[in-house]
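Below is one structure; the comments refer to it alone.
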Amino acid sequence: MKKLISSLFITCLSLVSVAQAAGNAQSGEQKSAACMACHGQGGITPVLPNAPKLAGQHAAYIAEQLKAFKRSVDNNFAKENKGIHRSDPTMAAMTLSLTTDSIDDLAIYYASQTGTQEAITEKERDAAQTLYRGGNQTTGVAACIACHGPKGKGNAAAKFPSISGQNVSYVTKALKDFRSNARQSSHNNMMNGVAERMTDKEIDAIAKYVSALH
Numbered sequence: 405m406k407k408l409i410s411s412l413f414i415t416c417l418s419l420v421s422v423a424q425a426a427g428n429a430q431s432g433e434q435k436s437a438a439c440m441a442c443h444g445q446g447g448i449t450p451v452l453p454n455a456p457k458l459a460g461q462h463a464a465y466i467a468e469q470l471k472a473f474k475r476s477v478d479n480n481f482a483k484e485n486k487g488i489h490r491s492d493p494t495m496a497a498m499t500l501s502l503t504t505d506s507i508d509d510l511a512i513y514y515a516s517q518t519g520t521q522e523a524i525t526e527k528e529r530d531a532a533q534t535l536y537r538g539g540n541q542t543t544g545v546a547a548c549i550a551c552h553g554p555k556g557k558g559n560a561a562a563k564f565p566s567i568s569g570q571n572v573s574y575v576t577k578a579l580k581d582f583r584s585n586a587r588q589s590s591h592n593n594m595m596n597g598v599a600e601r602m603t604d605k606e607i608d609a610i611a612k613y614v615s616a617l618h
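405 is the number of the first residue of the sequence shown in the working numbering; add one for each residue after it.
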């Protein structure tokens, strides 16, 4: 288990050369009107918990994911911009008309916003804290802290997302999608390997735990 955690730390450090998104936040705010229906004003999702909060997320990560959605439906873009693909009917339609500049503008805008945290009980926190910090040595579940950090802020340079304050239901769905391989949009499918060892109980506990991190 210690070797696995060490390996993840090394992987995190090896990705620090990834470039950040470069855009205009004011322009991004103007372009975000179409995003509000699902992601809320300023990236704080009000009514659709299955949609992620975008406020405070790393710009480079947002840009990468938007480009991944666009690659899934735009063959020309996919040929010109190599990288991960991510399928989702709604997001594919939303990104189809976006230019690279528009993607960067949106990414910078949402990254400049302030995120929020959810409230959990002490029992819920205790149930997941050990798993988050140390993983499950018995089943080989890696510690979340290795890539996402003690406060869930992730690693901007490596495009490991911030997960602090994220919607519980979104994190739950994301982990289960990684576990089933319905989603393959992490570096070297790292998250698939982590989630495939997690039980439903562990996923639920971690989702609640990270929603309160800050």
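Even glycine gets a Cβ: it sits at the ideal position worked out from N, Cα and C.
- In terms of Cα proximity to Gly597, the closest of Tyr513, Gly544, Thr503 and Gln517 is Gly544.
- Going by beta carbons, Gly447 and Ala437 fall outside the 8 Å limit.
- Where Ser615 is concerned, the enclosing alpha helix (DSSP H) starts and stops at Asp604 to Ser615.
- If you compare the alpha carbons of Tyr465, Asn585 and Arg583 with that of Ile567, the shortest gap goes to Tyr465.
- In this structure, DSSP gives Val575 a helical state, which the three-state scheme calls helix.
- For a cut-off of 8 Å, the C-beta gap from Gln570 to Lys457 is around 6 Å, short enough to register as a contact.
- One Cα belongs to Ile512, the other to Lys486, and the distance between them is close to 21 Å.
- The alpha-carbon separation between Ala547 and Thr576 amounts to approximately 17 Å.
- Leu470 and Thr542 have their C-alpha atoms roughly 36 Å apart.
- C-alpha of Gly538 to C-alpha of Thr518: approximately 28 Å in a straight line.
- Out of Met495, Lys527, Phe582 and Ser491, the CA that lies nearest to the CA of Met440 is found in Met495.
- A Cβ-Cβ separation of about 16 Å leaves Ile549 out of contact with Leu579 under the 8 Å criterion.
- If only uninterrupted alpha helix (DSSP H) runs of at least 4 residues are considered, those enclosed by the segment 507-588 are 526-538, 549-552 and 572-584.
- Straight-line spacing of the CA atoms in Thr520 and Ala616 works out to 9 Å.
- Contact annotation, Leu502 with Gly432: C-beta distance approximately 11 Å; criterion of less than 8 Å not satisfied.
- Lys612 and Ala532 do touch by the CB rule: their CB atoms are close to 7 Å apart, below 8 Å.
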